[in-house]
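Participant: Numbering (the UniProt record's numbering), first residue to last: 1 to 302.
All residues carry an ideal CB built from backbone N, CA and C; glycine is no exception.
Can you keep this structure in mind? I'll have questions shortly.
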């Protein structure tokens, strides 16, 4: 592996030669020499730098994007070779959409760490669209996404069902009713996730299915903020039963009934479409497919 690529990526992410040097256990002059050598080899400057900041220029953005992919490929190559000789170990870079990543994935990781302590997982939480892009760019070993996902260049494996319910504060006017009427739902303030989120996709499909558009719509970028807002009586929302299990048990949220509910959707595993997978990745995939929280958690409601 070209050491200068690792140094360059670290400088770009830390935004500082000194912080990069500290991270890499190098001297600052050595870091500068590596960057200069890379720039000479490519025939152009890659960084804009002064006393206040270090940041990528246009050429630097191109090199950074490809350097991340090269470093990821090198790491996976090393892990594959290491798998032939040793017990499962190495880095495992996991990306997950918010619902699965925040409410289910921690249980899977805990189980994996208990059985395979030499596997070192790192987790990134993004919306579905971003997760797919990161897997495409080889910046993630595996992604877990919600809703529909299609890509001919990736392996996409549905592995779990999820149920989504309309939720509100227990003090809400529709709470405890046998069924809410469509006009009543239409006049509510709906709190939804951002565009690109699988949860937002499910909400938009529900509006189409029930043939109404909310008179008032609020868009938040976090499921936790949505739950807090609904608890406070700010509006209603559509969320996964995985995300609201604790609140339902505590009685701080309640489900609004309707004959067309719940909405059902799939969660999928997204990986590169190639036959070479590390033992760490294979172990993780098997744990996700058979984890008790995954196989029994969906569908729990009041």
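May I ask you to list the residues that DSSP assigns as paired with residue 266?
Facilitator: Residue 266 is bridged to 161.
Participant: Please report how far the alpha carbon of residue 226 lies from the alpha carbon of residue 291, in whole angstroms.
Facilitator: Answer to the nearest angstrom: the Cα atoms are 27 Å apart.
Participant: Can you tell me the Cβ-Cβ gap for residue 256 and residue 168, rounded? I've got them flagged as a contact below 8 Å.
Facilitator: Right, the Cβ-Cβ distance comes to about 5 Å (below 8 Å), so this counts as a contact.
Participant: Nearest-angstrom Cα distance between residue 300 and residue 33?
Facilitator: At residue 300 the pLDDT is 45, less than 50, meaning the model places this residue with poor confidence; the figure from the coordinates comes in the next sentence. Going from the Cα of residue 300 to the Cα of residue 33 covers about 58 Å.
Participant: So within the segment 197 to 274, which uninterrupted alpha helix (DSSP H) runs reach at least 4 residues, ignoring any that extend past its ends?
Facilitator: Counting whole runs of 4 or more residues, the segment 197 to 274 contains the alpha helix (DSSP H) stretches 198 to 210, 223 to 231, 241 to 250.
Participant: In whole angstroms, what is the alpha-carbon distance linking residue 302 and residue 248?
Facilitator: Note that residue 302 has pLDDT 43, beneath the 50 cutoff, so the model's placement of it is unreliable and the number below is only indicative. Roughly 7 Å between the two C-alpha positions.
Participant: Roughly how many angstroms lie between the CA atoms of residue 116 and residue 251, to the nearest whole one?
Facilitator: Spanning the two alpha carbons is a distance of roughly 37 Å.
Participant: Whole angstroms is fine: what's the gap from residue 60's alpha carbon to residue 165's?
Facilitator: Rounded to the nearest angstrom, the two C-alpha atoms are 46 Å apart.
Participant: Helix, strand or coil for residue 121? Go by DSSP, reduced to three states.
Facilitator: In the structure shown, residue 121 sits in a strand (DSSP, three-state: E or B).
Participant: Taking the alpha-carbon of residue 96 as reference, which of 119, 144, 271 has the nearest alpha-carbon?
Facilitator: Minimum Cα distance to residue 96 is reached at 144.
Participant: Please list, in chain order, all residues of the same chain as residue 2 whose beta carbon is under 7 Å from its beta carbon, the five residues on each side excluded.
Facilitator: Contacts found: none.
Participant: Among 8, 234, 122, which has the Cα closest to the Cα of residue 42?
Facilitator: Looking at the Cα atoms, 8 is the closest of the given residues.
Participant: For residue 121 and residue 94, what's the separation of their Cα atoms in angstroms?
Facilitator: Roughly 7 Å between the two C-alpha positions.
Participant: Sorted by chain position, which residues of the same chain lie with C-beta nearer than 6 Å to residue 123's C-beta, five sequence neighbours on each side aside?
Facilitator: Result list for residue 123: 94, in chain order.
Participant: Please report the straight-line C-alpha distance between residue 298 and residue 52, rounded to a whole angstrom.
Facilitator: Its pLDDT being 48, under 50, residue 298 is placed unreliably by the model, and the measurement read from it follows with that caveat. For residue 298 and residue 52, the distance between alpha carbons rounds to 50 Å.
Participant: Residue 260: buried (16+ other C-beta within 10 angstroms of its C-beta) or exposed?
Facilitator: The residue is exposed, with fewer than 16 neighbouring Cβ atoms inside 10 Å.
Participant: In three-state terms, what does DSSP make of residue 7?
Facilitator: Note: residue 7 maps to helix in three-state DSSP.
Participant: Would you identify the three-state DSSP class for residue 43, choosing helix, strand or coil?
Facilitator: The answer is coil: DSSP assigns residue 43 none of H, G, I, E or B.
Participant: Would you decide whether residue 341 is buried or exposed? Buried here means 16 or more other CB atoms lie within 10 Å of its CB.
Facilitator: What the structure shows of the chain is the stretch from 1 to 302, and residue 341 is not part of that stretch, so it cannot be assessed.
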